[in-house]
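Novice:
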Amino acid sequence: MEYTTLGNTGLTVSVAGLGCGGGSRLGQARGLSTADSVALVRVAMDLGVNYLDTATVYGTERIVGQAIKSVPRDEINVATKASIRKGMDLIPVADVIASLENSLRELDTDYVDVFQLHAVPPALYDRIRDEYAPALLREKEKGKLRHLGLTETPPNDPAGEMLIRASQDPVWEVVMLGFHMMHQVARRNCFPGTMEHGLGTVIMFVVRGIFSIPGRLEETMAGLAAEGKVPEWLGEADNPLGFLIYEDGGAKSIIDAAYRYARHEAGTDVILFGSGIEEHIRTNIGSILGAPLPEADVAKLEELFGHLEGVGLDLPLGGVFPAKAGIQSGDT
Ligand SMILES: NC(=O)c1ccc[n+]([C@@H]2O[C@H](COP(=O)([O-])OP(=O)(O)OC[C@H]3O[C@@H](n4cnc5c(N)ncnc54)[C@H](OP(=O)(O)O)[C@@H]3O)[C@@H](O)[C@H]2O)c1
C-alpha cells in the first residue's frame with residue numbers, strides 16, 4: 182500500500198480507500214451476510230487499506246465497526262456522514278448531532294476520524310457553514326470527531342459549485358468529490374482551491390455505473406456523440422475507450438484505467454473504490470497502486486472529454502435506492 186497525508190489533517194491515509202456505500206454497499210445490495218461483508222472489509226485492511234468511508238444511509242456502519250475490532254483503533258481511519266436533508270428540507274442541527282451519536286454507537290467507537298455532512302447542494306451551503314459547522318465544531322472539542330468535512334452531490338451539482346466555495350472556507354478539513362475520466366470538472370473547479378488551502382480530498386464516482394455496467398459506456402457515448410459533444414467515431418465504437426488498453430504501460434481494462442487515472446491526478450488524496458466482491462477489491466487496489474496512465478493517454482482523455490460536465494454521475498443501482506437502508510436520492 183502507499184500512504185499519503187490527508188490535506189492538513191495530519192492523518193496518514195492509504196491512497197486506496199474502501200467505499201462502503203455506492204451501488205454495492207460491501208455486497209449488502211446483493212444480499213451478502215454481515216459476516217461476509219465484515220470479511221470483505223478485512224480483506225481490504227489486510228492489503229493495507231486504512232481509510233474506510235461509510236455513512237448513516239449506507240447501512241454499513243455496524244459492519245465497519247465489527248471489522249475494525251481486529252486492529253488497534255488508532256491504526257484505522259473511519260469516515261462517516263450524516264444526512265442534512267429530508268426531501269428538499271434541511272433537517273434540524275440537533276438531528277445531525279443525534280446522527281453522529283448514532284454513528285458512534287453503530288460503529289462501536291468513541292470517535293470518528295472524519296465526519297462529513299452528506300451531499301450538500303450549492304443552495305444550502307451557506308446555512309450548512311453558518312449553522313451546522315459551528316455546532317459540529319463543539320462536538321469536535323468533545324472529541325467525538327477529529328476532522329470535519331462535507332461531500333458534494335455530483336448528480337445535482339455537476340459543475341462542482343458547492344466545493345468552489347467550500348474550499349475557500351477554513352472550517353472544512355476534508356472534502357469528498359466526484360472525479361473520473363469523463364467528468365474532469367474538479368481539475369479546474371476544485372483541486373486548485375483544495376491544494377492551496379490544504380483540504381484533504383477523497384474521490385468518489387471513479388468507476389460508478391458508467392465504467393462497470395456492461396453497455397453503459399457505449400450508450401452514454403452514443404448519446405454524447407448525437408449531441409455533438411464528442412467525436413462521431415466514439416459514438417459508433419464497440420469499445421470507445423479501447424484505445425487505453427494495450428501492453429507495455431497501457432491499461433489492463435477500462436476499470437484499471439479509471440482507477441489509475443484518478444489516483445495520479447494532482448490534488449487527489451484517497452481514491453475510493455466500492456465493491457462487494459473480493460476479487461474486485463484485490464484488483465482495484467492493484468490498479469490504484471499501478472503506474473500512471475501514459476501521458477499521451479491522459480492528454481487524449483483531456484482533449485476528448487475535458488469539456489464535459491456531469492457525465493456518468495448516476496445514482497446507485499440506476500437510481501433505485503434500497504428502502505431498508507433508508508437511502509434518499511438526496512444522499513449521493
Ligand atoms: N455523496 C457521497 O457522499 C457519495 C456518493 C457516492 C459514493 N460515495 C462513496 O464513494 C464510494 C465509491 O462509490 P462509487 O459508486 O463511486 O464506486 P466505484 O468505486 O466507482 O464502483 C462502482 C461499482 O463498480 C463495481 N466494480 C468495482 N470494481 C469493479 C471491478 N474491478 N470490476 C467490475 N466491477 C467493479 C462495483 O460493484 P461490484 O460489487 O460488482 O464490484 C461498484 O458498485 C462509495 O462506496 C461511497 O463510500 C459517496
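Each residue of the sequence shown is one higher than the last, beginning at 182 in the working numbering.
All C-beta atoms, glycine included, are put in the ideal place defined by N, C-alpha and C.
Using DSSP with H/G/I as helix, E/B as strand and the rest coil, what is threonine 215?
Specialist: As a first step, residue 215 must be located in the sequence shown, where it is residue number 34. If DSSP states are grouped into helix, strand and coil, threonine 215 belongs with the helices.
Novice: Among Val230, Tyr239, Asn465, Ile272, whose alpha-carbon lies nearest the alpha-carbon of valine 252?
Specialist: The sequence position of residue 252 within the sequence shown is 71, counting from 1. Residue Val230 is the option with its Cα nearest to valine 252.
Novice: Comparing C-alpha positions only, which one of Ile278, Val492, Pro473, Met362 sits nearest to alanine 316?
Specialist: Position 135 of the sequence shown holds residue 316. Closest by C-alpha distance to alanine 316, out of Ile278, Val492, Pro473, Met362, is Ile278.
Novice: Determine the burial state of serine 264: buried for a count of at least 16 other Cβ atoms within 10 Å of its Cβ, exposed for fewer.
Specialist: Taking the sequence shown and counting its residues from 1, one reaches residue 264 at position 83. When all chains shown are included, serine 264 counts as buried.
Novice: For the beta strand (DSSP E) that valine 383 lies in, which residues bound it at each end?
Specialist: Counting from 1 along the sequence shown, the entry for residue 383 is found at position 202. Run containing valine 383: 381 to 385, per the beta strand (DSSP E) assignment.
Novice: Let me know if methionine 362 comes out buried or exposed under the rule of 16 or more other beta-carbons within 10 Å of its beta-carbon.
Specialist: Taking the sequence shown and counting its residues from 1, the one referred to as residue 362 is at position 181. Its Cβ being crowded by 16 or more others within 10 Å, methionine 362 is buried.
Novice: Quick check: the stretch 413 to 421 against the stretch 330 to 338, are at least 3 beta-carbon pairs closer than 8 Å?
Specialist: no
Novice: CB of lysine 433 to nearest heavy atom of ligand 1: below 8 Å?
Specialist: On the sequence shown, residue 433 is found 252 positions in, with the first residue counted as 1. Lysine 433: no, Cβ never under 8 Å from ligand 1.
Novice: Would you grab the beta carbon distance between glycine 359 and glutamate 333 for me? Rounded to a whole angstrom, and I think it's under 8 Å.
Specialist: By one-based count along the sequence shown, residue 359 stands at place 178. By one-based count along the sequence shown, residue 333 stands at place 152. About 7 Å separates the two Cβ atoms, so the contact holds.
Novice: Rounded to whole angstroms, what is the Cα-Cα separation between histidine 364 and glycine 493?
Specialist: Position 183 of the sequence shown holds residue 364. Position 312 of the sequence shown holds residue 493. Distance between the alpha carbons of histidine 364 and glycine 493 is about 7 Å.
Novice: Please name the residue or residues paired with serine 264 in a DSSP beta bridge.
Specialist: Position 83 of the sequence shown, counting from 1, holds the residue named residue 264. His299.
Novice: Starting from the Cα of leucine 281, find the closest Cα among Phe296, Met269, Ile272 and give me that residue.
Specialist: Residue mapping note: residue 281 aligns to position 100 of the sequence shown, counting from 1. The candidate whose alpha carbon is nearest that of leucine 281 is Phe296.
Novice: Determine the extent of the beta strand (DSSP E) in which serine 195 is found, giving its start and end residues.
Specialist: Against the sequence shown, residue 195 aligns to sequence position 14. Taken as a continuous stretch (DSSP letters only), the beta strand (DSSP E) holding serine 195 covers 193 to 195.
Novice: Tell me, which residues are paired with leucine 358 by DSSP?
Specialist: Position 177 of the sequence shown, counted from the start, is the residue given in the question as residue 358. Beta-bridge pairing links leucine 358 to Ile384.
Novice: What residue range is occupied by the uninterrupted beta strand (DSSP E) comprising phenylalanine 392?
Specialist: Position 211 of the sequence shown, counting from 1, holds the residue named residue 392. Taken as a continuous stretch (DSSP letters only), phenylalanine 392 belongs to no beta strand (DSSP E), as it is neither H nor E.
Novice: Spatial neighbours of arginine 223 within its chain, please: C-beta separation below 7 Å, excluding the five flanking residues on both sides.
Specialist: The count along the sequence shown starts at 1 and reaches residue 223 at position 42. Spatial neighbours of arginine 223 in its own chain (CB-CB distance under 7 Å, excluding positions within 5 residues in sequence) are listed in chain order as Ala248, Ser251.
Novice: Rounded to whole angstroms, what is the Cα-Cα separation between glycine 204 and glycine 379?
Specialist: Here residue 204 refers to the residue found at position 23 of the sequence shown. Here residue 379 refers to the residue found at position 198 of the sequence shown. The alpha-carbon of glycine 204 is positioned some 30 Å away from that of glycine 379.
Novice: In chain order, what residues of the same chain lie with their CB nearer than 7 Å to the CB of alanine 367, ignoring the 5 residues before and after it?
Specialist: Here residue 367 is taken as the residue at index 186 of the sequence shown, counted from 1. Only Gly341, Leu358, Phe360 meet the Cβ criterion.
Novice: Drop a sphere of 10 angstroms on the beta-carbon of arginine 319, count the other beta-carbons inside from all chains shown, and report buried for 16 or more, exposed for fewer.
Specialist: Reading the sequence shown from its first residue, position 138 is the one you call residue 319. That one is exposed.
Novice: In three-state DSSP terms, what is tyrosine 232?
Specialist: The residue labelled residue 232 in the question sits at position 51 within the sequence shown. Of the three classes helix, strand and coil, the one that applies to tyrosine 232 here is strand, per DSSP.
Novice: For glycine 457, which residues from the same chain have a beta carbon less than 8 Å from its beta carbon, with the 5 sequence-adjacent residues on both sides left out?
Specialist: Taking the sequence shown and counting its residues from 1, one reaches residue 457 at position 276. Excluding sequence neighbours, glycine 457 sits near Ser205, Arg206, Leu207, Gly208, Gln209, Ala210, Arg211, Leu213, Ser218, Leu221.
Novice: Helix, strand or coil: which one does DSSP assign to isoleucine 466?
Specialist: In the sequence shown, counting from the first residue as 1, residue 466 sits at position 285. Three-state result, isoleucine 466: helix.
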